[in-house]
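Chemist: All the letters of the sequence shown, read from the start, carry residue numbers 3 to 377 under the numbering used here. Glycine included, every Cβ here is placed at the ideal spot set by N, Cα and C.
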Amino acid sequence: MNKLSPILKSLLFPFSLLYGLIVSVRNLLFDFNILPSTEFKIPIISVGNITVGGTGKTPHIEYLITLLKDDYKIATLSRGYKRKSKGYILADEASTSYQIGDEPMQIKRKFPDILVSVDKKRVNGVKNLLQSEHGTDLAAVLLDDAFQHRSIKAGLSILLIDYNRPITQDYIMPYGRLRESAGEKDRANIIIVSKSPENMTPIDRRIIVKELDLLPFQSLYFTSLDYGNLEPVFRDNAINIINEDWDKDNFSIILVTGIANPKPLREYLENFSDLVEELKFPDHYSFGTKDIDLIHSKFEHLKGENKIIVTTEKDATRFYDMDINHESIKKHLFYIPLRIKFLNEDKSKFDVQIMNYVQKNKRSSNLHNIKTDSI
3 MNKLSPILKS LLFPFSLLYG LIVSVRNLLF DFNILPSTEF KIPIISVGNI TVGGTGKTPH
63 IEYLITLLKD DYKIATLSRG YKRKSKGYIL ADEASTSYQI GDEPMQIKRK FPDILVSVDK
123 KRVNGVKNLL QSEHGTDLAA VLLDDAFQHR SIKAGLSILL IDYNRPITQD YIMPYGRLRE
183 SAGEKDRANI IIVSKSPENM TPIDRRIIVK ELDLLPFQSL YFTSLDYGNL EPVFRDNAIN
243 IINEDWDKDN FSIILVTGIA NPKPLREYLE NFSDLVEELK FPDHYSFGTK DIDLIHSKFE
303 HLKGENKIIV TTEKDATRFY DMDINHESIK KHLFYIPLRI KFLNEDKSKF DVQIMNYVQK
363 NKRSSNLHNI KTDSI
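(1) Counting along the chain, where does the alpha helix (DSSP H) carrying D228 start and finish?
(2) Which word fits T203, buried or exposed, when buried means at least 16 other C-beta atoms lie within 10 angstroms of its C-beta?
(3) Within 10 angstroms of the Cβ of R124, are there 16 or more other Cβ atoms? Answer buried if so, exposed if not.
(4) Please say whether Y322 and S99 have beta carbons closer to each other than 9 angstroms?
(5) Can we say the segment 198–216 touches the segment 71–78, given the rule of at least three CB pairs closer than 8 angstroms?
(6) Nearest to F301 by CA position, among T319, A318, S275 and H328, is which residue?
(7) Is the beta carbon of I46 less than 9 angstroms from the beta carbon of V118?
(8) By DSSP, does K362 sit in helix, in strand, or in coil?
(9) Can you tell me where the beta strand (DSSP E) with L340 in it begins and where it stops?
(10) Have a look at the DSSP bridge pairing and note the partners of K75.
(11) Would a C-beta distance cut-off of 9 angstroms place I193 and L214 closer than the cut-off?
(12) Which class does D94 belong to by DSSP, given the choice of helix, strand or coil?
(13) Does the separation of the CB atoms of S196 and L145 fall below 9 angstroms?
(14) Provide the residue span of the beta strand (DSSP E) that contains T314, from first to last.
(15) Which residue from I342, K349, P234 and R167 puts its Cα closest to that of A318?
(16) Output the distance between the C-alpha atoms of G260 and H286, rounded to the nearest integer angstrom.
(17) Taking just the CA atoms, how far does E307 sit from E246?
(18) Distance, Cα to Cα, I255 vs E279?
(19) Let's test the definition: count the other Cβ atoms within 10 Å of the Cβ of D121 and tell me whether it reaches 16, buried, or not, exposed.
(20) With 16 other CB atoms within 10 Å as the buried threshold, where does F17 fall?
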């Protein structure tokens, strides 16, 4: 919940009612086919949320890519939030975060052999993918942040819910953090409770299952965040860092983030250093020269025998594309990859559900029979 004063919250509540009414009417128009949803003759998996702020969409998209890429030709399609371009773009080796956005750029750098595309109009984006030279081999499209984008009817819809911000205890924005009512979760085929504690007890799990009150066709899974090893942003310039040789009491870190919620990463870094200073910027922030100068100044005045700058993998994509003049930043700038980990037996069940969906619905399958007026 937002930490607002009671007076301000009471003033925002009527706006939440109005916004909620508008969103509910829009959803009803889609439910009754007054507003059209396009279906395609190809497996389409949507990954999204109904909460403002990060729920871990990109790591979950990357997990799906890793799961599918060895057996199928796949593509990702996202809006490309805060990119400086317009229309449909299929990323290539020359693409930058300014052209396609930071999250698609992160995916393209990590998985250069898959198709990464952006288009604000998702229907147009899928049409362009299918009509491209790669279209005949394409086996599935992963839609990023598309739970509200109902102009496409995904064959499999995955809804992410942050364990720390239960949607059943939240409200429509701006009073709360929900983009639409918690009841819209019923549109999802799969619900994943992300950022769950690894030591979640069976009773905690049962409480969440009861609160969500799933429909018979819905599957529920739990994932936690898993931080990888430090990686240099500028590999050719970076110092050689061996974490085991650096003691916690003489190891200093500046954490630079442009994400919705950097708190978990800061808490993780505090396991390795007694001195973690932080520079927080807005989500998807576009760093400029003055910001680089500020980071450099902060780094130069940082105490400790050994010190580095740490950022997120998403933020690193924007630093890649910058002309940074300070060599000390290039030498000491690292990022931490973020992965997801399924709890208990969820991984095998989830993998089977995804693979079965793609296999049964790929275009070469006789079982596939989806109507579309486009492809």
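Modeler: In short:
(1) First-last for D228: S221 to Y229, but that is the beta strand (DSSP E), not the alpha helix (DSSP H).
(2) exposed
(3) buried
(4) The Cβ-Cβ distance between S99 and Y322 falls below 9 angstroms.
(5) The segment 198–216 makes no contact with the segment 71–78, as fewer than three CB pairs between them are under 8 angstroms.
(6) H328
(7) no
(8) helix
(9) L340 to F344
(10) L140
(11) Their beta carbons are under 9 angstroms apart, which means I193 touches L214 by this criterion.
(12) coil
(13) no
(14) N308 to T314
(15) Relative to A318, the option among I342, K349, P234 and R167 whose CA is nearest is P234.
(16) Straight-line Cα distance between these residues: approximately 6 angstroms.
(17) Low local confidence applies: a pLDDT of 49 at E246 is under 50, so the model's placement there is unreliable, with the coordinate-based value given in what follows. Approximately 15 angstroms between the Cα atoms of the pair.
(18) 6 angstroms
(19) Buried, since its Cβ has 16 or more Cβ neighbours within 10 Å.
(20) With fewer than 16 Cβ atoms within 10 Å of its Cβ, F17 is classed as exposed.
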